[in-house]
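Visitor:
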Amino acid sequence: MTPVVLPAAVLAEARATARTVTAATGVDVDADEALGGRAALLDLPRGGTVSAGGATRLMGAEDGWCALTLARPDDLDAVPALVEADDTPDPWAAVRERIRATGVHAIAARARLLGLPAGVLGETAPASPVVRTVGARTHPHPLRDLLVADLSSMWAGPLCGRLLARTGATVVKVESPNRPDGTRAGPAPFFDWVNSGKLSYAVDFARPGGLVRLLAAADVVLESSRPAALHTRGLGPADVPARDGRIWVQITGHGAVGERAHWVAFGDDAAVSGGLVGGTAAAPVFCGDAIADPLTGLEAARAVLESHARGGGEVIDVAMAAVAARYAALPVEGEIPCSATPSVTGTAARLGEHNALVEDLVARRLAPAC
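Position 44, counted from 1, in the sequence shown is what the working numbering calls 36; the numbers after and before it change by one each time, with no gaps.
Here is the structure:
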């Protein structure tokens, strides 16, 4: 196993965040495991200009550096439109040639028009999670009594949900049977690591009656959809009646509002956008493994716990690129290996395994008090 290598200051700050979560919950949170766990579980190679997971490339031109992710079949299908060519037998060669001709800013702008995940090195400024008060606060309940609706996918949101599940909270992983979390079809050790200990609820988002009830009953909602995706179905934080103190966490690539809200992001390209890279200014390389994902998962967990202590009633926007930028702004103190292998103690539930249980739980929560 080749450990990922991280800036010492980044790992130190992540450890401090983990200690904050531990202090608030009594649950031991290992930052080394959170940041290096996927690479250790899957024996991923150390990233250079190709990400550890292999789907993202870091490429340069006269006007700087950018990262592009081609992780999904639709991403690869969009390459001819991206490079304005009829045939691209070697997609990455075609992209590199186009970048040399047009520059990184032009290719990133076109990628975003096509819905492709891209990031220009250092384009995002550091920012803390954006917190908006939207409802009534309540006296904080014990964490073990919380109901968490986890609509997120991939890594950042599921990691946050897993940390909350370890506190004893009831966490319900929500997926569409037509489009489940993409990592469910990937390596089982990783999916089990971030999703074990959760109930599984499968619901058709085109017929979301059960989901509306779950969101109305939940104390915490985690989601990582594009900002307009839930709202158009009447499932946004302003659309679903809330329990007093509900905390709604929006994990986004580049923020939930503004011109960047529609930008798609994965962990590696979001990190590049935030300026969180290794190597040198002349020859940057990827930092860790999709580093913006686990950093955002830790930061989202801390944000939930801080909101819970305030009594909730908040919507919290945690943007991966902004999280990466805050870590990138830390003093440069050299690099150290990060190689803790997670202990995967359970198996994630089958898709929809707990539908009846979840619906019964929601019905009891929404029943009028006697």
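Ideal Cβ positions, reconstructed from N, Cα and C, are used throughout, including at glycine.
1) Taking only three categories from DSSP, how would you classify Trp84?
2) Rounded to a whole number of angstroms, what is the C-alpha to C-alpha distance between Val166 and Asp66?
3) Only counting runs of 3 or more residues, tell me where the beta strand (DSSP E) segments fall wholly within the region 172 to 203, in order along the chain.
4) Give me the Cβ distance between Ala198 and Leu358, rounded to the nearest whole Å; I'm assuming they're in contact under 8 Å.
5) Using CA coordinates, which residue listed in Gly305, Ala314, Ala274, Leu297 is at the minimum distance from Arg235?
6) Give, in chain order, every unbroken run of the beta strand (DSSP E) that is at least 3 residues long and sits entirely within the region 42 to 109.
7) Here's a check: name, in chain order, each residue in its chain whose Cβ is nearer than 6 Å to the Cβ of Leu206, leaving out the five neighbours to either side.
8) Leaving aside the five residues before and after Thr125 along the sequence, list all residues of the same chain whose C-beta is less than 7 Å from its C-beta, in chain order.
9) Count the CB pairs spanning the region 263 to 283 and the region 332 to 348 that are closer than 8 Å, and state whether there are at least three.
10) Can you tell me whether DSSP reads Pro169 as helix, strand or coil?
11) With a CB to CB cut of under 8 Å and the five nearest residues on each side skipped, what residues in its chain are close to Glu76?
12) With 16 as the cutoff for other CB atoms within 10 Å, does Val324 come out buried or exposed?
13) In chain order, what are the residue ranges of uninterrupted beta strand (DSSP E) at least 3 long that sit wholly in the region 228 to 299?
14) Alpha carbon to alpha carbon, how far is Val213 from Arg238?
15) So, Leu155 versus Val21, is the Cβ gap smaller than 8 Å?
16) When the Cα atoms are used, what is the spatial distance from Ala292 to Glu215?
17) Is it the case that the Cβ atoms of Gly111 and Ala262 are separated by a distance below 8 Å?
18) Tell me whether Asn170 is buried or exposed, calling it buried when 16 or more other Cβ atoms sit within 10 Å of its Cβ.
19) For Leu364, which beta-bridge partners are listed by DSSP?
20) Count the other C-beta atoms from every protein chain shown that fall within 10 angstroms of the C-beta of Val249, then say buried if there are 16 or more, exposed otherwise.
21) Between which two residues does the alpha helix (DSSP H) holding Val19 run?
22) Grab the span of the beta strand (DSSP E) containing Arg124 for me, first residue to last.
23) State the CB to CB distance for the pair Cys330 and Leu36, rounded to an integer number of angstroms; the pair is presumed to be in contact (CB under 8 Å).
24) Nearest CA to the CA of Ala177: which residue from Gly201, Gly127, Ser145?
25) Going along the chain, which residues of its own chain have a beta-carbon closer than 6 Å to the beta-carbon of Gly266, five neighbours each way excluded?
26) Whose C-beta lies closer than 7 Å to the C-beta of Pro83 among residues of the same chain, with five residues either side of it excluded?
27) Assign Glu115 to one of three DSSP states: helix, strand, or coil.
28) What's the C-alpha gap between Ala221 and Ser120?
29) Helix, strand or coil for Val163, going by three-state DSSP, please let me know.
30) If you draw a straight line from the alpha carbon of Ala311 to that of Pro334, how long is it in whole angstroms?
31) Less than 8 Å between the beta carbons of Trp185 and Asp285, yes or no?
32) If you count every other CB in all the chains shown that lies within 10 Å of the CB of Glu25, and 16 or more means buried, which is it?
33) So what does DSSP say about Asp24, is it helix, strand or coil?
34) Between Gly107 and the rest of its own chain, which residues show a CB-CB distance below 7 Å, the 5 nearest in sequence each way excluded?
35) Please classify Glu306: does DSSP put it in a helix, a strand, or coil?
36) Considering Cα atoms alone, identify which of Ala103, Ala93, Arg38 is closest to Ala59.
Guide: So, to answer that:
1) Sequence index remark: in the sequence shown, residue 84 carries index 92 (1-based). Here Trp84 carries a helix assignment [DSSP, helix/strand/coil].
2) Against the sequence shown, residue 166 aligns to sequence position 174. Against the sequence shown, residue 66 aligns to sequence position 74. In this structure, the CA atom of Val166 is about 23 Å from the CA atom of Asp66.
3) Those beta strand (DSSP E) runs which fall completely within the region 172 to 203 and span 3+ residues are 191 to 194.
4) Indexing the sequence shown from 1 puts residue 198 at position 206. Indexing the sequence shown from 1 puts residue 358 at position 366. Wrong, their Cβ atoms sit about 22 Å apart, outside the cutoff.
5) Within the sequence shown, residue 235 is the residue found at index 243, counting from 1. Of all alpha-carbon atoms in Gly305, Ala314, Ala274, Leu297, the one lying nearest the alpha-carbon of Arg235 is that of Gly305.
6) Runs of beta strand (DSSP E) with 3 or more residues, each lying fully within the region 42 to 109, are found at 48 to 53, 56 to 61, listed in chain order.
7) Your numbering for residue 206 matches position 214 in the sequence shown. Exclusion of the five residues before and after Leu206 leaves Ala141, Val354 as the residues of its chain whose Cβ lies within less than 6 Å of its Cβ.
8) Counting from 1 along the sequence shown, the entry for residue 125 is found at position 133. Around Thr125: Gly305, Glu306.
9) Taking 8 Å as the limit for Cβ pairs, the verdict is that the region 332 to 348 does not touch the region 263 to 283.
10) Taking the sequence shown and counting its residues from 1, one reaches residue 169 at position 177. Secondary structure at Pro169: coil, using DSSP grouped into helix, strand and coil.
11) In the sequence shown, residue 76 corresponds to position 84, counting from 1. In its chain, beyond the 5 residues on either side, Arg90 have a beta carbon closer than 8 Å to the beta carbon of Glu76.
12) The count along the sequence shown starts at 1 and reaches residue 324 at position 332. By the 10 Å Cβ count, Val324 comes out exposed.
13) Entirely contained in the region 228 to 299, the beta strand (DSSP E) runs reaching 3 residues are, in chain order, 239 to 244, 269 to 271, 276 to 278.
14) Within the sequence shown, the letter at position 221 stands for residue 213. Within the sequence shown, the letter at position 246 stands for residue 238. C-alpha separation (whole angstroms): 8 Å.
15) Your numbering for residue 155 matches position 163 in the sequence shown. Your numbering for residue 21 matches position 29 in the sequence shown. In this structure, Leu155 lies near Val21, with their beta-carbon atoms less than 8 Å apart.
16) In the sequence shown, the residue the question calls residue 292 occupies position 300. In the sequence shown, the residue the question calls residue 215 occupies position 223. Ala292 and Glu215 have their alpha carbons spaced roughly 11 Å apart.
17) Your numbering for residue 111 matches position 119 in the sequence shown. Your numbering for residue 262 matches position 270 in the sequence shown. Yes, Cβ-Cβ distance for Gly111 and Ala262 is below 8 Å.
18) Locating residue 170 in the sequence shown gives position 178, counting from the first residue. Exposed: under 16 other Cβ atoms inside 10 Å.
19) Residue numbering for the chain in the displayed model covers -7 to 362; residue 364 lies beyond these limits and cannot be assessed.
20) On the sequence shown, position 257 is the one that residue 249 refers to. Val249 is exposed by the Cβ-count criterion.
21) Stepping through the sequence shown from its first residue, residue 19 is reached at position 27. In this chain, Val19 is not harboured by any alpha helix (DSSP H), its DSSP state being neither H nor E.
22) Counting from 1 along the sequence shown, the entry for residue 124 is found at position 132. For Arg124, the uninterrupted beta strand (DSSP E) segment begins and ends at 122 to 125.
23) For this step, residue 330 is matched to residue 338 along the sequence shown. For this step, residue 36 is matched to residue 44 along the sequence shown. At roughly 12 Å, the Cβ-Cβ gap does not stay under 8 Å, so Cys330 and Leu36 are not in contact.
24) Position 185 of the sequence shown, counted from the start, is the residue given in the question as residue 177. Cα-wise, what sits closest to Ala177 is Ser145.
25) Along the sequence shown, read from residue 1 onward, the residue named residue 266 stands at position 274. Closer than 6 Å at the Cβ level, and outside the excluded window around Gly266, lie Thr116, Ala313, Ala316, Ala317, Ala320.
26) In the sequence shown, counting from the first residue as 1, residue 83 sits at position 91. Cβ-Cβ distances below 7 Å link Pro83 to Leu62, Leu68, Val71 in the same chain, with the five nearest sequence neighbours on each side left out; the list follows chain order.
27) Here residue 115 refers to the residue found at position 123 when the sequence shown is read from its first residue. In the structure shown, Glu115 sits in coil (DSSP, three-state: anything other than H, G, I, E or B).
28) Translated into the one-based positions of the sequence shown, residue 221 becomes position 229. Translated into the one-based positions of the sequence shown, residue 120 becomes position 128. Rounded to the nearest angstrom, the two C-alpha atoms are 24 Å apart.
29) Numbered from its first residue, the sequence shown carries residue 163 at position 171. Looking at Val163 - three-state DSSP - the assignment turns out to be strand.
30) In the sequence shown, the residue the question calls residue 311 occupies position 319. In the sequence shown, the residue the question calls residue 334 occupies position 342. Rounded to whole angstroms, Ala311 to Pro334 spans 25 Å at the Cα level.
31) Walking along the sequence shown from the start, residue 185 turns up at place 193. Walking along the sequence shown from the start, residue 285 turns up at place 293. No, the Cβ-Cβ distance between Trp185 and Asp285 is not below 8 Å.
32) Translated into the one-based positions of the sequence shown, residue 25 becomes position 33. Its Cβ being crowded by 16 or more others within 10 Å, Glu25 is buried.
33) By one-based count along the sequence shown, residue 24 stands at place 32. Helix at Asp24.
34) Numbered from its first residue, the sequence shown carries residue 107 at position 115. The beta carbon of Gly107 is closer than 7 Å to those of Val256 in its chain, skipping five residues each way along the sequence.
35) What you label residue 306 is simply residue 314 of the sequence shown in a count that begins at 1. Strand.
36) Reading the sequence shown from its first residue, position 67 is the one you call residue 59. Among Ala103, Ala93, Arg38, the Cα nearest to that of Ala59 is on Ala103.
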